[in-house]
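Asker:
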Amino acid sequence: MGYTKIEARRTGNMAFEMELDGHRLITDASKEAGGNDLGPSPKKLLLAGLIGCTGIDVASMIKKMKIDLEDLNIEVEADSSEEHPKVYTRIHLTYRFKGKNLPKEKLERAVTLSQEKYCGVSAMLQKAAPVTYDIVIEE
10 MGYTKIEARR TGNMAFEMEL DGHRLITDAS KEAGGNDLGP SPKKLLLAGL IGCTGIDVAS
70 MIKKMKIDLE DLNIEVEADS SEEHPKVYTR IHLTYRFKGK NLPKEKLERA VTLSQEKYCG
130 VSAMLQKAAP VTYDIVIEE
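One gets my numbering by counting positions in the sequence shown from 1 and adding 9 to each.
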């Protein structure tokens, strides 16, 4: 069983600084919300974590499948509830693959495996809101 512990230190107003795997990270609220905008909001960072998690999965599988890929971009869109706590009610990912003669079925398999088996962030978020995705292949 894995264990994670992260400590954060308030650095003023609404900003918190922490270290994750040797990397310094600051989260803060926007100026409109009363913060100083010194870093990303925790909620948006959650979506960034989703992109990172599934992106690492897909990149790893593409490498193992020996697919010659020019580029991979992942976009996330999410709707939030209007009332507090303002939680995500829908999350949608778009995977954009670029390259010549890309094997569509292998790319689909990599994304499906990430979403259904490997990405722990997606699995956690799916307990709170539907996570959908689509795949775009460009030459």
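A virtual CB, placed ideally from N, CA and C, is assigned to each residue, including glycine.
1. Using only alpha-carbon positions, find the residue among Leu34, Met10, Tyr12 and Leu81 that is nearest to Arg18.
2. Using C-beta distances below 6 Å, list every residue in its chain close to Pro51, excluding the 5 sequence neighbours before and after it, in chain order.
3. What first and last residue would you give for the beta strand (DSSP E) that runs through Asp80?
4. Where do the N-terminal and C-terminal ends of the alpha helix (DSSP H) with Glu117 fall, by residue?
5. Using the three-state DSSP reduction, which class does Leu54 fall into: helix, strand or coil?
6. Please work out which residues of its chain come closer than 8 Å, Cβ to Cβ, to Cys128, disregarding the five sequence neighbours upstream and downstream, and give them in chain order.
7. Nearest-angstrom Cα distance between Ala47 and Ile15?
8. Consider the C-beta atom of Cys128 and the heavy atoms of the ligand COA; say whether any pair is separated by less than 7 Å.
9. With a CB to CB cut of under 6 Å and the five nearest residues on each side skipped, what residues in its chain are close to Asn82?
10. Considering only the beta carbon of each residue, do Lys107 and Glu79 sit closer than 8 Å?
Answerer: Put simply:
1. To locate residue 18, count along the sequence shown from 1; it is residue 9. When each option's Cα is compared against that of Arg18, the closest is Leu34.
2. One-based indexing of the sequence shown puts residue 51 at position 42. Its chain contains Thr36 as the residues whose beta carbon lies nearer than 6 Å to that of Pro51, once the 5 sequence neighbours on both sides are disregarded; these appear in chain order.
3. Indexing the sequence shown from 1 puts residue 80 at position 71. Segment Asp80 to Ser89, the beta strand (DSSP E) holding Asp80.
4. Here residue 117 is taken as the residue at index 108 of the sequence shown, counted from 1. It spans Lys113 to Leu122 - the alpha helix (DSSP H) in which Glu117 sits, taken as one unbroken run.
5. For this step, residue 54 is matched to residue 45 along the sequence shown. Of the three classes helix, strand and coil, the one that applies to Leu54 here is helix, per DSSP.
6. As a position in the sequence shown, residue 128 is number 119, starting the count at 1. Within the same chain, Cys128 has close Cβ partners Leu59, Cys62, Thr63 and Asp66.
7. Residue mapping note: residue 47 aligns to position 38 of the sequence shown, counting from 1. Residue mapping note: residue 15 aligns to position 6 of the sequence shown, counting from 1. Residue identity check: residue 47 is Leu in the sequence provided, not Ala. One C-alpha to the other measures close to 19 Å.
8. In terms of ligand content, the structure shown is empty, and the ligand COA therefore cannot be addressed.
9. As a working mapping, residue 82 is identified with position 73 in the sequence shown. The beta carbon of Asn82 sits closer than 6 Å to those of Arg105, all from its chain and outside the five residues before and after it, given in chain order.
10. Counted from its first residue, the sequence shown places residue 107 at position 98. Counted from its first residue, the sequence shown places residue 79 at position 70. For the 8 Å CB-CB criterion, Lys107 and Glu79 form a contact.
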